[in-house]
Amino acid sequence: MESLTRQVVDCLNQGNPFALATILTHKGSTPRTSGSKMLVLADRSIHGTIGGGLVEARVIDACIDMMSESQCRIEEFTLDQELKDGLDMVCGGNLTVWMETFVLPSPELIQVFSALAAREKAGKKAVLISKTKGFSGSFFTTQKCL
Numbered sequence: 010m011e012s013l014t015r016q017v018v019d020c021l022n023q024g025n026p027f028a029l030a031t032i033l034t035h036k037g038s039t040p041r042t043s044g045s046k047m048l049v050l051a052d053r054s055i056h057g058t059i060g061g062g063l064v065e066a067r068v069i070d071a072c073i074d075m076m077s078e079s080q081c082r083i084e085e086f087t088l089d090q091e092l093k094d095g096l097d098m099v100c101g102g103n104l105t106v107w108m109e110t111f112v113l114p115s116p117e118l119i120q121v122f123s124a125l126a127a128r129e130k131a132g133k134k135a136v137l138i139s140k141t142k143g144f145s146g147s148f149f150t151t152q153k154c155l
């Protein structure tokens, strides 16, 4: 099976817009943990998962809405609220999800993700750091690339 990183490189090479959703933090019981990633394509198809259910559907919706231009945002989801509303997410935890869209691929972006894919294939660790507009917080991860 092709890695998520390699699928990102394929999207960039083909000029297909996409978004990456990553769980930054999780508290309590959640279907997936920090570092879980999902690739969202413009046709709403996905590769990978951040846990399924209503939260994943809301993240897909947000990613599609953001694809009009390259942008990023962080959203928090409380899974016990979903339970209170009578929906299917009964975990009771909290997720913070980072969503970033890639609309206009550049040679530099292709080079960065290709290097990540090569390191991943070689079994080496890598960290991708994205600069954001309007975000004054900080985030550090030691997760293996994508």
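Under this note's numbering, the residue at position 103 of the sequence shown is numbered 112, and the numbers go up by one with no gaps. Note that CB positions come from ideal geometry on N, CA and C, so glycine has one too. As the structure is a prediction and not an experimental result, all values here were calculated from the model.
> Is it a yes or a no for the region 107-126 touching the region 20-40, going by three-plus beta-carbon pairs under 8 Å?
Replying inline: yes
>> Output needed for Glu85: all residues of its chain with C-beta closer than 6 Å, excluding positions within five of it in sequence on either side, in chain order.
In response: Thr105
> Which two residues bound the contiguous alpha helix (DSSP H) that contains Lys36?
Replying inline: Taken as a continuous stretch (DSSP letters only), Lys36 belongs to no alpha helix (DSSP H), being part of the beta strand (DSSP E) at 27-36.
> Does the region 65-84 touch the region 120-133, meaning 3 or more C-beta pairs lie closer than 8 Å?
Replying inline: no
> Out of curiosity, what's the CA-to-CA distance linking Thr87 and Arg128?
Replying inline: 35 Å
>> Applying the 10 Å Cβ sphere with the 16-neighbour rule, what's the burial state of Glu78?
In response: exposed
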